[in-house]
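There are 2 protein chains.
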Amino acid sequence: MPSETAQPSFVLVRPQMGENIGAAARAMWNFGLDRMRIVGPRDGWPNPKAVAMSSGAGRLLDEAQIYDDLAGALSDRTFVFATTARPRDLTKPVYSPEHAMKMAAEMVAAGEQVAVLFGPERAGLENDDIAKANAIISVPVNPEYASLNLGQCVLLTAYEWMRQAGDVTHVSEVPGNKGDWATGVEIEKLVDHYEERLEEAGFFYPAAKADNMKLNLRNLWSRMRLTRADVQLLHGIMRQMVRWKERG
Amino acid sequence: MPSETAQPSFVLVRPQMGENIGAAARAMWNFGLDRMRIVGPRDGWPNPKAVAMSSGAGRLLDEAQIYDDLAGALSDRTFVFATTARPRDLTKPVYSPEHAMKMAAEMVAAGEQVAVLFGPERAGLENDDIAKANAIISVPVNPEYASLNLGQCVLLTAYEWMRQAGDVTHVSEVPGNKGDWATGVEIEKLVDHYEERLEEAGFFYPAAKADNMKLNLRNLWSRMRLTRADVQLLHGIMRQMVRWKERG
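First to last, the sequence lines map onto chains L and F.
The first sequence begins at 402 in our numbering and counts up by one.
The second sequence begins at 402 in our numbering and counts up by one.
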């Protein structure tokens, strides 16, 4: 069963190689999309090579809707984007994947039925296909080298969908041990520990530079955002050096 | 000849299949990146399958720099991102590709030497590899289905590089001693210095825990973004403790 999340359909138009259909299914499902439509697949349907390539995302192929022509695939859609390698001279708005998927997210949230078209591997969408679209998505690529394949184009668009749809788990700047940051008191104790021992060891020399050296050391610890585990490790290092000296 | 644009190096760590190295080259060049480094390619180098897959981006393979180990590949780098399928329990900041490439664009514009690590196909980066990184990039994927391959991971990161590098209009303030970050080689030497001395001092005890303790210590240094001055200070601390012991 398809997921219940409202989402655009991704429509593969006359795809040639089964492998690429399978790769497209995987690319979509990586980003939570599972409504695939296929128009006139060159090698018929079902396609064993597509299945072989789709590992883990085979459900998308089982549930894919197959159409003879693009008009059929778009019959229930209210807004259609067409992806092209480079914007052609057609009077339609051209958007980046980011902008287009932001629009798609807003339209889908408002109950619209959105489709995104992807052309066949070799030639891309024909002008007749693009004529059925409301807008164009153009991936900004190196002008000297534009060689995205079908699966890659689906991947980037699906990635932008997930980002824009807000399904993106906000990957935070917070390190793994969340909530385990050392407190100010713990940092102070670390500063004191190092200062005391290094004083004893004659590190702060010459005297005229001692204050500055201490300041640098304190800055080092405080700039670093230490966790409790870090603080323990640093205490342990110093304790061990002292023990070693005392054994000596 | 590599392009003259300042840009990060993409480092493939122990890649297995030549096809994937070729796909990575294409993915990079689609978005204007052409500095590839390869660490310990499983099937040796050059790799005919990589060349066959790289159509149009073969120059990246000709110019790729090959290393025996990751430390070598990072010796001249000042900031290292590691891509992982899912953030592990290491206390490092975790960023989305978007955020990370924005940071990278700012750092590169400020003259820093940035690397992005991509792990081998099956297993991804090992903890020892990640320990050499300053921060982690995690692609936000469908939690029910995370199946990005090497080429796809390179593609999404390169895509975000192009997006973000285009957006950087002014160089933001880099904290600390601007332009004076420690390089990979300098961090390696610091790691070695502390390991050797602490070994001597009997810090890595019990033996069963030694490897883990060393990993934690390495993570501590790499997470912190040390300046050259910091590194000197930390060397100085250790040297002084040893001197103190020897005087004792």
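Positions of the beta carbon are idealized from the N, C-alpha and C atoms, including for glycine.
Here the structure is a predicted model, which means the values were calculated and not measured.
Item to complete: Could you tell me whether the Cβ of ARG523 (chain L) comes closer than 8 Å to any Cβ of chain F?
Response: no
Practice prompt. Please determine, among L:ASP631, L:ASN617, L:PHE604, the residue with the shortest C-alpha to C-alpha distance to LYS615 (chain F).
Written response: Answer by Cα proximity: L:ASP631.
Item to complete: Count the C-beta pairs between the stretch 584-591 of chain F and the stretch 470-484 of chain F that are closer than 8 Å, then say yes if the count reaches three, no if not.
Response: yes
Worksheet item: For ALA451 (chain F), which three-state DSSP category applies?
Response: helix
Practice prompt. Please determine, among F:GLU507, F:GLU561, F:ASN543, the residue with the shortest C-alpha to C-alpha distance to GLU499 (chain L).
Written response: F:GLU561
Discussion item. At the level of alpha carbons, what is the spacing between MET642 (chain F) and LEU599 (chain L)?
Written reply: Going by the C-alpha atoms only, they are around 7 Å apart.
Fill in: LEU462 (chain L) vs SER456 (chain L) beta-carbon contact at 8 Å
no
Discussion item. Please return the same chain residues whose Cβ sits closer than 7 Å to the Cβ of VAL414 (chain L), not counting the five positions on each side in sequence.
Written reply: VAL440, LEU471, LEU518, PHE519, GLY520, PRO521, LEU526, ASP530.
Discussion item. My output table needs one value for LEU627 (chain F): the three-state DSSP class, helix, strand or coil.
Written reply: coil
Item to complete: Within its chain, find whatever has a CB closer than 7 Å to the CB of MET402 (chain F); leave out the 5 residues flanking it on each side and keep chain order.
Response: none
Practice prompt. Evaluate the contact criterion for the stretch 542-551 of chain L versus the stretch 430-445 of chain L: three or more CB pairs, one atom per stretch, below 8 Å.
Written response: no
Worksheet entry | 3-residue-minimum beta strand (DSSP E) runs that sit fully inside the stretch 482-547 of chain L, ordered along the chain | 515-519, 536-539
Worksheet item: Comparing alpha-carbon positions, which option in L:ARG640, L:MET639, L:GLY567 lies nearest THR406 (chain L)?
Response: Nearest of L:ARG640, L:MET639, L:GLY567 to THR406 (chain L), Cα basis: L:GLY567.
Practice prompt. Ignore the nearest five residues each way along the sequence and tell me which others in TRP622 (chain L)'s own chain have a CB closer than 7 Å to its CB.
Written response: Result list for TRP622 (chain L): ILE588, LEU591, VAL592, in chain order.
Worksheet item: Using a C-beta cutoff of 8 Å, does VAL670 (chain F) count as contacting chain L?
Response: Nothing can be reported for residue 670 (chain F): it is not among the residues displayed for chain F, which extend from 402 to 649.
Practice prompt. Would you give the residue range spanned by the beta strand (DSSP E) that ARG438 (chain L) belongs to?
Written response: Secondary structure note for ARG438 (chain L): its beta strand (DSSP E) is the uninterrupted segment 437-440.
Worksheet entry | Cα-Cα separation between ALA453 (chain L) and ASN421 (chain L), rounded to whole angstroms | One C-alpha to the other measures close to 11 Å.
Item to complete: Identify, in the order they occur along the chain, each residue of the same chain with its Cβ nearer than 7 Å to the Cβ of CYS554 (chain F), setting aside the five sequence neighbours on each side.
Response: THR484, PHE519, VAL540
Practice prompt. Let me know if TYR606 (chain L) comes out buried or exposed under the rule of 16 or more other beta-carbons within 10 Å of its beta-carbon.
Written response: exposed
Worksheet entry | Environment of VAL575 (chain L) [buried if 16+ CB atoms lie within 10 Å] | Note that VAL575 (chain L) scores a pLDDT of 39, beneath 50, so its modelled location is shaky; the value from the coordinates is reported in the next line. Its Cβ having fewer than 16 others within 10 Å, VAL575 (chain L) is exposed.
Discussion item. For ALA505 (chain L) and PRO416 (chain L), I'd like the C-alpha separation in whole angstroms.
Written reply: 23 Å
Fill in: Local conformation of LEU413 (chain L) per DSSP, three classes
strand
Worksheet item: Can you tell me where the beta strand (DSSP E) with GLN565 (chain L) in it begins and where it stops?
Response: Careful: GLN565 (chain L) lies outside any beta strand (DSSP E), inside the alpha helix (DSSP H) at 551-565.
Practice prompt. Return no unless some Cβ of chain L is closer than 8 Å to the Cβ of LYS646 (chain F).
Written response: Taking Cβ atoms only, chain L reaches closer than 8 Å to LYS646 (chain F), which makes this a yes.
Worksheet item: Looking at the structure shown, is GLN408 (chain L) part of a helix, part of a strand, or coil, going by DSSP?
Response: coil
Worksheet entry | Within 8 Å, strictly: CB atoms of ALA559 (chain F) and ALA424 (chain F) | Not a contact, by the Cβ cut-off of 8 Å.
Fill in: First through last residue of the beta strand (DSSP E) which encompasses TYR595 (chain L)
Run containing TYR595 (chain L): none in the beta strand (DSSP E); it sits in the alpha helix (DSSP H), 585-601.
Worksheet item: The alpha helix (DSSP H) with GLU420 (chain F) in it runs from where to where?
Response: 419-431
Worksheet item: Are the C-beta atoms of SER548 (chain F) and some chain A residue less than 8 Å apart?
Response: The chain inventory of the structure shown lacks chain A, comprising the protein chains L and F.
Discussion item. For TYR496 (chain F), which residues in the same chain have their Cβ closer than 8 Å to its Cβ, ignoring the five residues on either side in sequence?
Written reply: PHE482, MET504, ALA536, ILE537, ILE538, SER539
Worksheet entry | Interface partners of GLY423 (chain F) on chain L, CB under 9 Å | Contact annotation for GLY423 (chain F) against chain L: no contact, minimum CB-CB distance about 12 Å [criterion: below 9 Å].
Worksheet item: So, helix, strand or coil for GLY649 (chain L), using DSSP?
Response: Of the three classes helix, strand and coil, the one that applies to GLY649 (chain L) here is coil, per DSSP.
Fill in: Assigned secondary structure, THR479 (chain F) (DSSP; H/G/I helix, E/B strand, else coil)
coil
Worksheet item: From ALA609 (chain F) to GLU596 (chain F), what distance separates their C-alpha atoms?
Response: 16 Å
Practice prompt. State the Cα-Cα distance for the pair ARG640 (chain L) and ARG624 (chain F), rounded to the nearest angstrom.
Written response: Approximately 23 Å between the Cα atoms of the pair.
Fill in: Residues from the stretch 428-451 of chain L in contact with chain F, defined by Cβ distance under 8 Å
Residues passing the 8 Å Cβ filter: ALA428, TRP430, ASN431, PHE432, GLY433.
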